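Colleague:
Chains as they are written, first to last, in the numbering used here: chain A, 4 to 299; chain B, 4 to 299.
Now the structure itself:
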């Protein structure tokens, strides 16, 4: 079993971002800046936000944190987002999900200026990269692509894993991971299967896939019930808190007996996600300031 | 072999649209209106535009036609679209594709106000319906969905063909058909395979699919080289002009020997496409005037 190490790549990319920001700050006298928005006091969300802020500071991105109370109304959140949209010192806006009131999620995300949408969750962001013809077009466009899917693409590239013409099985159809990674894989000429909780006969599909990306949030779901193709590459995006600690959607004890390459939990894609947030914030800064700057 | 007759359904829907527009005109003293924009003099495009204008008049939609010359610049086209965006008498804008200069397509489409994007080709339109959780949410939202994919969904519904939990193979990944129909099928709980010209081993996939939607523009592509599951439903979206007349992407002589249901060319989905354009124009009118009106 080969391990795809997200930490190593994340470290390399952070180094590059740090250097680019140094040059930018020197030449423009400005800093890329990210606004983080947290509604309520969910402890897990607080931890996530803290690591994002810490990562910003590591690479030289300024951060501004906004915390509204759990009972903030839709109007309160939208007013804050509009203020941040109009604030030219802010390049990226990150609204930490889940919101205490789930039903407000779409309206709040849709309020974020798509050019500051560093999480890539606005429908316009999704439409923009999904309708481009190729992965090269997506890279050239400097568009904001959701962080986890972007991290997966970079991880595969780093390990020279061919996507072109491969059969990719995506299990899970969330707006955060499943739907966008399917479109990115398609842009890179993969044949893509979108599977989910309503899929019948998943066993038939795992057996023929060259690459499996799983993001469903069920500990050890991909177990010996499912046969795997020899040499399959598995990207585990699940982050599940169990009494034995954090684990992914893949039963490592099972897959380690197979000839597979795997991005494990922890240490795989998760570490890439925050790094892609930094990259998106830098991208947003470059786009907003119309800087000519080498592709990220 | 069962035939899925698009003409019959299109006729029924047109009747409903006509009645709704009659009521609307009576109560609001206004007419839904569509602007058709043609660049250049491509004869096939002229014929398409003519049938769209004719269909508008049949159901009571006003139409305004704009024809710019082949050598119109990007600025010329964008200025025209902006005028139509700002014209409150126009509810829908249809830019006939292909443009004489292909490279202008994205910028021109992106200029159309998404609320008037009756072809559903704007990235925001694509993102909006793709990120909703279910087909019911899409219907309730009154969003503008691309006409051919919407027509396919209605045709399947009309013939009571179950999509939920089925394995759907989409062959072709165009922005017009392949990508949007994949997202609509996913919203209706299908497991979706997105295949295309770079797909290896398509034979393996045709053999397991419950529903095949093909839109690649190669006459008689789906032939006896490909095995089919018993009872498969095939939606042929190809419109190919050959020396023997118009034909689809499916070899009818082959599939008619199988136990399949097929939407043929001509007479299948094609007739639904224009009808969905009428429905979208009515939807755009209703949305723009904030009318409360029964779901279409």
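No residue lacks a Cβ here, since even glycine has one placed at the ideal position from N, Cα and C.
Keep in mind the model is a prediction, meaning the values are calculated, not measured.
1. Give a yes or no on whether the minimum CB-CB distance between residue 162/B and chain A is below 8 Å.
2. So what's residue 119/A in DSSP terms, helix, strand or just coil?
3. Can you find the residues in the same chain that come closer than 6 Å, C-beta to C-beta, to residue 124/B, ignoring five residues on each side of it along the sequence?
4. Using beta-carbon positions only, say whether residue 252/B and residue 219/B come within less than 8 Å of one another.
5. Apart from the five residues just before and just after residue 153/A, which ones in its own chain have a Cβ nearer than 6 Å to its Cβ?
6. So, are the CB atoms of residue 66/A and residue 39/A less than 8 Å apart?
7. Quick one: does residue 220/A have its CB under 8 Å from some CB of chain B?
8. Mind checking the stretch 209 to 238 of chain B against chain A and listing, in chain order, the residues whose C-beta falls within less than 9 Å of any C-beta there?
9. Within 8 Å of any Cβ in chain A, is that where the Cβ of residue 207/B sits?
10. What are the residues in the stretch 186 to 198 of chain A lying within 7 Å of chain B by C-beta distance?
11. If we ignore side chains and look at the alpha-carbon of each, how far apart do residue 55/B and residue 133/A end up?
12. Counting only the same chain and skipping the five closest in sequence on each side, list residues whose C-beta sits under 8 Å from that of residue 193/A.
13. What residues of chain B sit near residue 133/A, judged by a beta carbon separation below 8 Å?
14. Under 7 Å between beta-carbons, which chain B residues line up against residue 203/A? List them in chain order, please.
15. Measure the Cβ-Cβ separation of residue 141/A and residue 135/A and say whether it is below 8 Å.
16. Between the beta-carbon of residue 2/B and the beta-carbon of residue 4/B, is there less than 8 Å?
17. Could you tell me whether the Cβ of residue 290/B comes closer than 8 Å to any Cβ of chain A?
18. Against chain A, does residue 110/B count as a neighbour if the rule is that its beta carbon must be under 8 Å from one of theirs?
19. Tell me the rounded alpha-carbon separation between residue 190/A and residue 138/A.
20. Taking residue 4/A as part of the beta strand (DSSP E), name the residues at either end of that continuous run.
21. Who are the Cβ neighbours of residue 303/A in its own chain at under 8 Å, not counting the five residues just before and after it?
22. Taking just the CA atoms, how far does residue 240/A sit from residue 11/A?
23. Can you pull the chain B neighbours of residue 178/A, defined as C-beta to C-beta under 8 Å?
24. Any idea which residues DSSP pairs residue 245/B with across the strands?
25. Measuring CA to CA, which of 211/B, 242/B, 243/B and 222/B is closest to residue 233/B?
26. Taking one C-beta from the stretch 69 to 77 of chain A and one from the stretch 97 to 115 of chain A each time, how about it: are there three or more such pairs within less than 8 Å?
27. Enumerate in chain order the residues of its own chain whose CB-to-CB distance from residue 259/A is below 6 Å, with the five nearest sequence positions on each side excluded.
28. Taking 7 Å as the limit between beta carbons, can you name the residues of its chain near residue 290/A, skipping five residues before and five after?
29. By a C-beta neighbour count over all protein chains shown, 10 Å radius and 16 as the cutoff for buried, is residue 47/B buried or exposed?
30. Please state whether DSSP places residue 18/B in a helix, a strand or coil.
31. Compute the beta-carbon to beta-carbon distance between residue 95/B and residue 284/B, rounded to the nearest angstrom, for a pair I have assumed lies under 8 Å.
32. Can the beta-carbon of residue 249/A be found less than 8 Å from the beta-carbon of residue 268/A?
33. Which runs of the alpha helix (DSSP H) spanning at least 4 residues fall entirely within the stretch 206 to 283 of chain B, listed in chain order?
34. Return the chain-ordered ranges of every alpha helix (DSSP H) run that is complete within the stretch 135 to 168 of chain B and spans a minimum of 4 residues.
35. According to the neighbour-count rule (16 or more other Cβ atoms, all chains shown, within 10 Å of its Cβ), is residue 245/A buried or exposed?
Modeller: On the basis of the supplied data:
1. Taking the second chain and counting its residues from 1, one reaches residue 162/B at position 159. Cβ-Cβ to chain A under 8 Å: no for residue 162/B.
2. Counted from its first residue, the first chain places residue 119/A at position 116. In the three-state reduction of the DSSP assignment, residue 119/A falls in the helix class, which pools H, G and I.
3. To locate residue 124/B, count along the second chain from 1; it is residue 121. Sequence-distant Cβ neighbours of residue 124/B in its own chain, meaning closer than 6 Å and more than five residues away, are 112.
4. Start at 1 with the first residue of the second chain, and residue 252/B comes out as number 249. Start at 1 with the first residue of the second chain, and residue 219/B comes out as number 216. Against a cut-off of 8 Å, the Cβ pair of residue 219/B and residue 252/B comes out as a contact.
5. Along the first chain, read from residue 1 onward, the residue named residue 153/A stands at position 150. Excluding residues within five positions, the ones whose Cβ falls inside 6 Å are 279.
6. Translated into the one-based positions of the first chain, residue 66/A becomes position 63. Translated into the one-based positions of the first chain, residue 39/A becomes position 36. In contact: residue 66/A and residue 39/A (Cβ atoms closer than 8 Å).
7. Along the first chain, read from residue 1 onward, the residue named residue 220/A stands at position 217. Any Cβ of chain B closer than 8 Å to the Cβ of residue 220/A would place that residue at the interface, and such an atom is absent.
8. Within the stretch 209 to 238 of chain B, the residues whose Cβ lies closer than 9 Å to some Cβ of chain A are 211, listed in chain order.
9. Working through the second chain from its first residue, we reach residue 207/B at position 204. Interface criterion met: the Cβ of residue 207/B is under 8 Å from a Cβ in chain A.
10. Flagged, chain order: 189, 192, 194, 195, 196, 197 and 198.
11. As a working mapping, residue 55/B is identified with position 52 in the second chain. As a working mapping, residue 133/A is identified with position 130 in the first chain. Each residue's Cα considered, the two are about 28 Å apart.
12. On the first chain, residue 193/A is found 190 positions in, with the first residue counted as 1. Within the same chain, and ignoring the five residues on either side of residue 193/A in sequence, the residues whose Cβ sits closer than 8 Å to its Cβ are 166, 167, 168, 169, 170, 171 and 214.
13. Within the first chain, the letter at position 130 stands for residue 133/A. At a beta-carbon threshold of 8 Å, the residues of chain B lying near residue 133/A are 126, 129, 130, 133 and 182, ordered along the chain.
14. Numbered from 1 along the first chain, position 200 holds the residue referred to as residue 203/A. Here the neighbours are 168.
15. If you number the first chain from 1, residue 141/A lands on position 138. If you number the first chain from 1, residue 135/A lands on position 132. In this structure, residue 135/A lies closer than 8 Å to residue 141/A by Cβ.
16. What the structure shows of chain B is the stretch from 4 to 299, and residue 2/B is not part of that stretch, so it cannot be assessed.
17. Here residue 290/B refers to the residue found at position 287 of the second chain. Look at residue 290/B: its C-beta is not under 8 Å from any C-beta on chain A.
18. Taking the first residue of the second chain as position 1, residue 110/B is located at position 107. In terms of beta-carbon proximity, residue 110/B stays away from the interface with chain A, with every pair separated by 8 Å or more.
19. Locating residue 190/A in the first chain gives position 187, counting from the first residue. Locating residue 138/A in the first chain gives position 135, counting from the first residue. A straight line joining the alpha-carbon of residue 190/A with that of residue 138/A spans about 5 Å.
20. For the purposes of this step, residue 4/A is taken as residue 1 along the first chain, with counting starting at 1. Premise fails: residue 4/A is in no beta strand (DSSP E) and is neither H nor E.
21. In the structure as shown, chain A starts at 4 and stops at 299, and residue 303/A therefore has no counterpart that could be examined.
22. Numbered from its first residue, the first chain carries residue 11/A at position 8. Numbered from its first residue, the first chain carries residue 240/A at position 237. Computed Cα separation, rounded: 17 Å.
23. Taking the first residue of the first chain as position 1, residue 178/A is located at position 175. Those within 8 Å of residue 178/A in chain B are 134.
24. Sequence index remark: in the second chain, residue 245/B carries index 242 (1-based). Looking at the DSSP assignment, residue 245/B forms a beta bridge with 248/B.
25. Looking up residue 233/B in the second chain gives position 230. Looking at the Cα atoms, 211/B is the closest of the given residues.
26. Yes, the stretch 69 to 77 of chain A is in contact with the stretch 97 to 115 of chain A.
27. The residue labelled residue 259/A in the question sits at position 256 within the first chain. Closer than 6 Å at Cβ, skipping near neighbours: 4.
28. The residue you call residue 290/A lines up with position 287 of the first chain. Within its own chain, the residues whose Cβ lies closer than 7 Å to the Cβ of residue 290/A, once the five positions on either side in sequence are excluded, are 118 and 145, listed in chain order.
29. Here residue 47/B refers to the residue found at position 44 of the second chain. Taking all protein chains shown into account, residue 47/B has fewer than 16 neighbouring C-beta atoms within 10 Å of its C-beta and is therefore exposed.
30. In the second chain, counting from the first residue as 1, residue 18/B sits at position 15. If DSSP states are grouped into helix, strand and coil, residue 18/B belongs with the helices.
31. As a first step, residue 95/B must be located in the second chain, where it is residue number 92. As a first step, residue 284/B must be located in the second chain, where it is residue number 281. That pair is a contact at about 4 Å.
32. Position 246 of the first chain holds residue 249/A. Position 265 of the first chain holds residue 268/A. Residue 249/A is a Cβ neighbour of residue 268/A, given a cutoff of 8 Å.
33. The stretch 206 to 283 of chain B contains these whole alpha helix (DSSP H) runs: 255 to 258.
34. Entirely contained in the stretch 135 to 168 of chain B, the alpha helix (DSSP H) runs reaching 4 residues are, in chain order, 138 to 144 and 150 to 161.
35. In the first chain, residue 245/A corresponds to position 242, counting from 1. Here residue 245/A is exposed: its Cβ has fewer than 16 other Cβ atoms, across all protein chains shown, within 10 Å.
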